[in-house]
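K.L.:
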Amino acid sequence: MSWSGLFSVPAFAEQVKRSNKRCILLWLCGGPSQFETWDPKPGTSTGGPFGSIPTAIPGVHVSELMPKCASILDKMAVIRSMKTNQREHTQAINLLNRGDNPRPPFIRPTLGSVLAQQLGHLDSAIPNFILLDPCPEGNEFKGFKAGNWAGWLGAEYAPVRVGGEFKIEDVMRLPGLSEADHEEREALRRFFSKKFENERKSAAASSHNAVYERVKGLMSCAHLFDLERLPQKDRERYGAGAFGQHALLARSLVEEGAPFVMVANGMPWDTHVFNHEVYQMVVPDMDNIVYQLVNDLEDRGMADDTLVVVMGEFGRTPWINVKRGRDHYPNAWSLAMAGCGIQPGAVVGATDPLGVDVTESPFSEKNLFATIYQALGIDPYAEYDLPNLPTFHRVEERAEPIKEVLA
Amino acid sequence: MKIDEVKTIKLPTTVHDLALAPDCKRLWVACLDGCVRGVDLETEEHFLLGEHSRYASGVHALPDGKTVISAGYDGALLWHDVETRSCFRRIFAHEFWSWQSALSPDGRWLASSTGQYLCGGYKYEPAPEREPSVKVFDTMTGELKASFEHVPPVQSITFSRDGRYVAAGNLMGEIRVWEVETQSLVSTWTTGDFTGWGIIKGHYYTGGVFSLSFGPGDDLLYLVGMGTTRDPAAGNGKQLWQAYAWQEDGFPKMAESSADDTGQGLMESFVFHPSDEWFLMAGRLESGQWNAAAFDRETGNLRASYNYKGRVCQGAFLPNGDRYVLGGGVSQGELKEGSFRDYGRVWVSRAS
């Protein structure tokens, strides 16, 4: 039996669910500059004002803004040769969240929805797909957040959005309502709702019911989303900013059984203006967050089962615009991974001396998604069971995973 | 009043700061590639005077005509011998960038500001300084004269006209004024008019005060930058100057640019005409009509404006006031045939 064929055995798929594999996506929305993070070009006409520093891997340098990640790079994997084809946010956010270009009217589920289906349990008390993002706006990301995340998988695999202003409200059972009364009411509601859904064959009703099922779950886990319950020392370690606090919350949630948590913070990486002035702050913040998260997962014995992905939707231009910023650049960019299924210390791909193009091992979004699925023990090439729809696979065209970063 | 562009001199990279040599025939420029260059304003030829390991951010010509001091994002201050074109003193003034530097009117002191914006709170308020944010050095000996505390990043700095005070402004719009000799803080206030917090793209602060200048008699302190913006990635705050009576109780705002006269974009340069009758503010145009404009000092009204179609970082008037020079640049542009175009600019103009 082939490696990919192994995944199609139902018993194996169930085993994947039981294996408690998890994923945290640190979503650097807006498009982080590779020059100020994983692929610095100091002293060149494109390098910007920051230098580079050696890492725990001999001969490999990262931006001087990331001393902490530099010290643990032998626990991580870096891909320096991402090459994608979407240079606008809306299209690129979709591309790097869904793993493929759109094929209207069909909506491919996001990575989080696929992992919620593959790694989660529908009867779980904790949501299978959690989006932590305190920023209510975010231009193109705002539009994406309001869209259809789960696609053809259905609403039960869409994210629960929490964080900052998005607290889970009104989920506590009223004092005057007994547990038994609550259960009876819930059963009656479920009966009528299901009857309505069946009779009308309504996707909207199905979605509505899925939300109610989730709320029932959230009643029992709402306390897990409370930042105040997290140890003060941990909160200080992760940094005071919203991104750090929510990354810590993500760690806590996967410890509690959440299979997929996506941590975003608006679109702070979109630095058309003040690239270096903004990156002097957001990169050290991210550096510390990744460092704390990777070490914490290792210390807790969770590193082998928890995949951490640190990426945005593209990189930024080698050249500086007149606004002292860098613009969108999908031609040659970088990302990092760590943990479950990932080869520690792998640094894959290369760009030319000015960072204009990939010179070694270009990888697409399909290669990336095949890598993520394989790292988590999920069949990258499985065909979706979609009656009356065209044939779709998790990763189309049997795109190869990036073998060098797989353990 | 009318502004005419006399000539445009192209340089390899953006000019962050400039200083006229005492004979006014030569211009010293601090450039984005770390180079400190001499530029002949007549022939337009330029040469390398010295080099920082990161962006060069400041350049100052001492009155003796023999010495130029530069500052850079490498945190260093370099003393250059103009005659031998060599660096004879190097001081590591800061652990982070020298954002801006200023020479006292008599050339005795050089002040430099620094500070890295690091996350200090849930909304990304700046963390406290890790090193003194402002330092004043003796230009003759290089010795440290004074260190002053501020909240980083401190992006702008200037001396009063009598050389007695140094003022510095930061990202959050906080201004601090110290007396150099006594090393005492004499004024501090904060304006939120220059600082944006990202509601749309990302939750962090941008903008702040980018240039400072004392007016005639040192009564007013002029602040320059960009008005508040909700979207840090847009750079679309209004072109803004404000004047404060910094020695009066409550530090009242006495004047500011009119919304009728201004468009949008970051303003970085502010210089008085030698007559003190008007001043020039310049920077970058996001939307509107101009990126450099002359304002009447008495009324604050716009007298004339011009669009240089680039980013202006610094300016200076020739002593007789008939011409001025601006330093800046245009977009680096894409790599073509293995190289980038010259994207630094010195614009020489006449205001009449």
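Chains as they are written, first to last, in the working numbering: chain A, 159 to 565; chain B, 5 to 356. Yeah, the Cβ is synthetic: ideal placement off N, Cα and C, and Gly gets one too.
State yes or no: is the beta carbon of W477(A) nearer than 8 Å to at least one beta carbon in chain B?
P.N.:
Closer than 8 Å to some Cβ of chain B, the Cβ of W477(A) qualifies, so yes.
K.L.:
Considering only residues of the same chain and omitting the five flanking positions on each side of S356(B), which have a CB-CB separation below 8 Å?
P.N.:
Closer than 8 Å at Cβ, skipping near neighbours: M5, K6, D8 and D326.
K.L.:
Spatial neighbours of L289(A) within its chain, please: C-beta separation below 6 Å, excluding the five flanking residues on both sides.
P.N.:
These residues qualify, in order along the chain: P317, R319 and M420.
K.L.:
Could I get the ranges of all uninterrupted beta strand (DSSP E) runs contained in the segment 490–564 of chain A, with 3 residues as the minimum, in chain order?
P.N.:
Taking only runs of at least 3 residues, the beta strand (DSSP E) segments lying wholly in the segment 490–564 of chain A are 491–497 and 516–518.
K.L.:
Going by the CB atoms, is the gap between P236(B) and G206(B) shorter than 8 Å?
P.N.:
For G206(B) and P236(B), yes; Cβs fall inside 8 Å.
K.L.:
Under 8 Å between C-beta atoms, does S335(B) make it to chain A?
P.N.:
By this cut-off, S335(B) is an interface position.
K.L.:
Classify N295(B) as buried or exposed, calling it buried when 16 or more other Cβ atoms lie within 10 Å of its own Cβ.
P.N.:
Its Cβ being crowded by 16 or more others within 10 Å, N295(B) is buried.
K.L.:
Can you find a C-beta in chain B that's less than 8 Å from the C-beta of E554(A)?
P.N.:
Cβ-Cβ to chain B under 8 Å: no for E554(A).
K.L.:
Suppose only complete runs of 4+ residues qualify. What are the alpha helix (DSSP H) ranges in the segment 101–150 of chain B, listed by chain order?
P.N.:
Fully enclosed alpha helix (DSSP H) runs of 4 or longer: not present.
K.L.:
Which one of I536(A), I530(A), A540(A) and N546(A) has the shortest CA to CA distance from K561(A)?
P.N.:
Ranking I536(A), I530(A), A540(A) and N546(A) by Cα distance to K561(A) puts I530(A) first.
K.L.:
Residues of chain A with CB under 9 Å from L339(B), in chain order?
P.N.:
Correct list: S203, T204, P476, W477, L512 and V514.
K.L.:
What residue from Y59(B), R30(B) and L36(B) has the CA that sits closest to T47(B)'s CA?
P.N.:
The shortest C-alpha separation from T47(B) is found at R30(B).
K.L.:
Let me confirm a value: Q390(A) is counted as buried when at least 16 other C-beta atoms fall within 10 Å, else exposed. Which label applies?
P.N.:
Looking at its Cβ environment, which holds fewer than 16 other Cβ atoms inside 10 Å, Q390(A) is exposed.
K.L.:
How many whole angstroms separate the CB atoms of I215(A) and D197(A), which I take to be in contact at a CB cut-off of 8 Å?
P.N.:
About 14 Å separates the two Cβ atoms, so there is no contact after all.
K.L.:
According to DSSP, S336(A) sits in a beta bridge with which residue or residues?
P.N.:
BP columns for S336(A) are empty, so no partner.
K.L.:
Using DSSP's beta-bridge definition, name the partner residues of M420(A).
P.N.:
Answer by DSSP bridge pairing, in chain order: L183(A) and L289(A).
K.L.:
If you compare alpha carbons, which of E133(B), L148(B) and P132(B) is closest to K139(B)?
P.N.:
Nearest C-alpha to K139(B): L148(B).
K.L.:
Just the Cα atoms here: how many angstroms apart are Q251(B) and M176(B)?
P.N.:
So the two alpha carbons sit approximately 20 Å from each other.
K.L.:
Am I right that Q120(B) and P156(B) are in contact with their C-beta atoms under 8 Å? What's the rounded C-beta distance?
P.N.:
The pair is a contact, with the Cβ atoms about 6 Å apart (cut-off 8 Å).
K.L.:
Using only alpha-carbon positions, find the residue among P200(A), N453(A), G201(A) and S239(A) that is nearest to W491(A).
P.N.:
If we check each option's Cα against that of W491(A), S239(A) comes out closest.
K.L.:
Evaluate F567(A) with the Cβ neighbour count: other Cβ atoms within 10 Å of its Cβ, from every protein chain shown; 16 or more gives buried, anything less gives exposed.
P.N.:
Within the shown structure, residues of chain A are numbered from 159 to 565, placing residue 567(A) beyond reach of any answer.
K.L.:
Give the DSSP-derived three-state secondary structure of E46(B) in the structure shown.
P.N.:
The answer is coil: DSSP assigns E46(B) none of H, G, I, E or B.
K.L.:
Using DSSP's beta-bridge definition, name the partner residues of R319(A).
P.N.:
L289(A).
K.L.:
Under 8 Å between C-beta atoms, does F432(A) make it to chain B?
P.N.:
Interface residue, yes.
K.L.:
Please report the distance separating the alpha-carbon of A363(A) from that of E355(A).
P.N.:
Cα to Cα, the separation comes out at about 5 Å.
K.L.:
Would you please state the rounded distance, in angstroms, between the beta carbons of D197(B) and Q246(B)? I believe it to be under 8 Å.
P.N.:
The pair is a contact, with the Cβ atoms about 7 Å apart (cut-off 8 Å).
K.L.:
Looking at C-alpha atoms only, which residue of R556(A), W477(A) and R331(A) is the closest neighbour of A540(A)?
P.N.:
Nearest option by C-alpha distance: R556(A).
K.L.:
Is the segment 100–120 of chain B close to the segment 423–430 of chain A, with three or more CB pairs under 8 Å?
P.N.:
With a cut-off of 8 Å, the segment 423–430 of chain A and the segment 100–120 of chain B do not count as touching, because too few Cβ pairs lie within range.
K.L.:
Is the Cβ of T248(A) closer than 8 Å to any Cβ of chain B?
P.N.:
Chain B, which has no Cβ nearer than 8 Å to the Cβ of T248(A), makes this no.
K.L.:
Any C-beta of chain A within less than 9 Å: which residues of the segment 100–126 of chain B qualify?
P.N.:
Within the segment 100–126 of chain B, the residues whose Cβ lies closer than 9 Å to some Cβ of chain A are F100, W101, Q120, Y121, L122, C123, G124, G125 and Y126, listed in chain order.
K.L.:
Indicate whether N446(A) and K226(A) have their beta-carbon atoms separated by less than 8 Å.
P.N.:
Yes, these two residues count as a Cβ contact at 8 Å.
K.L.:
Should G301(A) go down as buried or exposed, given a rule of 16 or more other Cβ atoms within 10 Å for buried?
P.N.:
That one is exposed.
K.L.:
With respect to the alpha helix (DSSP H) encompassing Y449(A), which residues constitute its N-terminal and C-terminal limits?
P.N.:
Y449(A) -> alpha helix (DSSP H) spans N433 to D457.
K.L.:
Classify E99(B) as helix, strand or coil using the three-state DSSP reduction.
P.N.:
Looking at E99(B) - three-state DSSP - the assignment turns out to be coil, as it is neither helix nor strand.
K.L.:
Locate the alpha helix (DSSP H) running through I251(A), then write down its first and last residues.
P.N.:
From DSSP, the alpha helix (DSSP H) with I251(A) extends over H247 to R256.
K.L.:
Determine the direct distance from the alpha carbon of D462(A) to that of I182(A), and round the result to whole angstroms.
P.N.:
Rounded to the nearest angstrom, the two C-alpha atoms are 13 Å apart.
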